[in-house]
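Chemist: Heads up: the first sequence begins at 44 in the numbering used here, then just goes up one per residue. Ideal Cβ placement from N, Cα and C applies to all residues, glycine included. What you are looking at is a predicted structure, and each value in this text was computed from that prediction instead of being measured.
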Amino acid sequence: MAPRKDVKTKKTMNRGAWTTEEDQKLAQCIQTHGAKKWKTVSIKSGLNRCGKSCRLRWLNYLRPNIKRGNISDEEEDLIIRLHKLLGNRWSLIAGRLPGRTDNEIKNYWNSHLCKKVNQIGEKPETSTAQETTAQDNVAGDSGMLENKDSVNGSIDSDVIFDVNEFLDFSTEESFGFDWVNKFLELDQIQFIENTERSE
DNA sequence: AACAGCCACAACCGCCTTAGT
DNA sequence: GACTAAGGCGGTTGTGGCTGT
Numbered sequence: 044m045a046p047r048k049d050v051k052t053k054k055t056m057n058r059g060a061w062t063t064e065e066d067q068k069l070a071q072c073i074q075t076h077g078a079k080k081w082k083t084v085s086i087k088s089g090l091n092r093c094g095k096s097c098r099l100r101w102l103n104y105l106r107p108n109i110k111r112g113n114i115s116d117e118e119e120d121l122i123i124r125l126h127k128l129l130g131n132r133w134s135l136i137a138g139r140l141p142g143r144t145d146n147e148i149k150n151y152w153n154s155h156l157c158k159k160v161n162q163i164g165e166k167p168e169t170s171t172a173q174e175t176t177a178q179d180n181v182a183g184d185s186g187m188l189e190n191k192d193s194v195n196g197s198i199d200s201d202v203i204f205d206v207n208e209f210l211d212f213s214t215e216e217s218f219g220f221d222w223v224n225k226f227l228e229l230d231q232i233q234f235i236e237n238t239e240r241s242e
């Protein structure tokens, strides 16, 4: 494991809430250097912030086309179902919700949906390590879902579907809600099968 | 009006993965 | 292949605002 340089420099770096001036500097610098080379951005911007901090600020706040607040019922339902499928893979879930950030979804889950799901009477699907929900069956032991060709084998079901298809964000159309209908159908079938099996 | 408790959200921390050398 | 730096991610914490007493 590499030495933790960010820890070493922690004391000298500016921390805490971002000012509008910092935001402007960061946005300008990203326009020039792009939103990829965060080390460069942090240096060139003149902000006394580490690259990780710049990245987070950009992704969660400054990035264009970010929707803030007012998560719709449709989005909420989608988050719940995606969480059931993917577990705490916030970045993947966020990838299916245009304009939403992983941090926002994570916060929304922890503050709203976690309780909501518990209230419904289902098994809590929180961030805890001991969770043994369907997501584990789907995601597999490795926890690296995206590296698998398919997760068909880990689901005790005759339902065949390719999760990678759901996780393929390369196409424009993948950002619509159409794909959700497909998943919801499969989800429903799985639920029925599991119910029958447990009886 | 003052205080306490709660909630939502921004930001940080630490680990893991990936890319470059 | 080994090592290092940087990026990415999920978990956690800090804090400001809101609400109830």
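Give every residue of the same chain whose Cβ lies closer than 7 angstroms to the Cβ of residue 70, excluding the five residues on either side of it in the sequence, and list them in chain order.
Modeler: What you label residue 70 is simply residue 27 of the first sequence in a count that begins at 1. Closer than 7 angstroms at Cβ, skipping near neighbours: 105.
Chemist: Looking at residue 57: is its Cβ nearer than 7 angstroms to the Cβ of residue 92?
Modeler: Against the first sequence, residue 57 aligns to sequence position 14. Against the first sequence, residue 92 aligns to sequence position 49. In contact: residue 57 and residue 92 (Cβ atoms closer than 7 angstroms).
Chemist: Would you decide whether residue 117 is buried or exposed? Buried here means 16 or more other CB atoms lie within 10 Å of its CB.
Modeler: For this step, residue 117 is matched to residue 74 along the first sequence. Counting Cβ neighbours within 10 Å, residue 117 comes out exposed, since fewer than 16 surround it.
Chemist: Within the continuous alpha helix (DSSP H) that includes residue 149, where are the two ends?
Modeler: Mapped onto the first sequence, residue 149 falls at position 106. Per DSSP, residue 149 belongs to the alpha helix (DSSP H) from 145–151.
Chemist: Could you compute how far the alpha carbon of residue 119 sits from the alpha carbon of residue 89?
Modeler: As a working note, residue 119 is residue 76 in the first sequence. As a working note, residue 89 is residue 46 in the first sequence. Cα to Cα, residue 119 sits roughly 39 angstroms from residue 89.
Chemist: Can you check which of these residues, 108, 109 and 85, is closest to residue 98 by C-alpha distance?
Modeler: Along the first sequence, read from residue 1 onward, the residue named residue 98 stands at position 55. With distances taken between Cα atoms, residue 98 lies closest to 85.
Chemist: Would you report the Cα separation of residue 146 and residue 87, rounded to the nearest angstrom?
Modeler: For the purposes of this step, residue 146 is taken as residue 103 along the first sequence, with counting starting at 1. For the purposes of this step, residue 87 is taken as residue 44 along the first sequence, with counting starting at 1. Taking the straight line joining both Cα atoms gives about 26 angstroms.
Chemist: In chain order, which alpha helix (DSSP H) runs of at least 4 residues are fully inside the segment 97–122?
Modeler: DSSP runs (the alpha helix (DSSP H)) wholly in the segment 97–122: none.
Chemist: Please go through the same chain and pick out, in chain order, the residues whose beta-carbon is closer than 6 angstroms to the beta-carbon of residue 80, but skip the five residues on each side of it.
Modeler: For the purposes of this step, residue 80 is taken as the residue at position 37 of the first sequence. Nothing listed; no residue qualifies.
Chemist: By the 10 Å Cβ neighbour count, where 16 or more other Cβ atoms means buried, how is residue 111 classified, buried or exposed?
Modeler: Position 68 of the first sequence, counted from the first residue, corresponds to residue 111. Classification of residue 111: exposed, given that the 10 Å Cβ count is below 16.
Chemist: Which residue's Cα is closest to the Cα of residue 115: 76, 143, 65 and 60?
Modeler: Within the first sequence, the letter at position 72 stands for residue 115. When each option's Cα is compared against that of residue 115, the closest is 143.
Chemist: Considering just the uninterrupted stretch of the alpha helix (DSSP H) at residue 63, what are its terminal residues?
Modeler: Start at 1 with the first residue of the first sequence, and residue 63 comes out as number 20. Start and end: 63–76.
Chemist: Buried or exposed: which applies to residue 130, given that a residue is buried once 16 or more other Cβ atoms fall within 10 Å of its Cβ?
Modeler: Translated into the one-based positions of the first sequence, residue 130 becomes position 87. With 16 or more Cβ atoms within 10 Å of its Cβ, residue 130 is classed as buried.
Chemist: Using the Cβ count rule (16 or more neighbours within 10 Å means buried), how would you classify residue 60?
Modeler: By 1-based counting over the first sequence, the position of residue 60 is 17. Per the 10 Å Cβ criterion, exposed.
Chemist: Can you give me the C-alpha to C-alpha distance between residue 127 and residue 151, rounded to a whole angstrom?
Modeler: Your numbering for residue 127 matches position 84 in the first sequence. Your numbering for residue 151 matches position 108 in the first sequence. Cα to Cα, residue 127 sits roughly 15 angstroms from residue 151.
Chemist: Given this structure, state the Cα-to-Cα distance separating residue 83 from residue 68, to the nearest angstrom.
Modeler: Residue 83 sits at position 40 when you count from the first residue of the first sequence. Residue 68 sits at position 25 when you count from the first residue of the first sequence. One C-alpha to the other measures close to 13 angstroms.
Chemist: Hey, residue 123 and residue 133: beta-carbon distance below 7 angstroms or not?
Modeler: Reading the first sequence from its first residue, position 80 is the one you call residue 123. Reading the first sequence from its first residue, position 90 is the one you call residue 133. No, they are not a contact pair.
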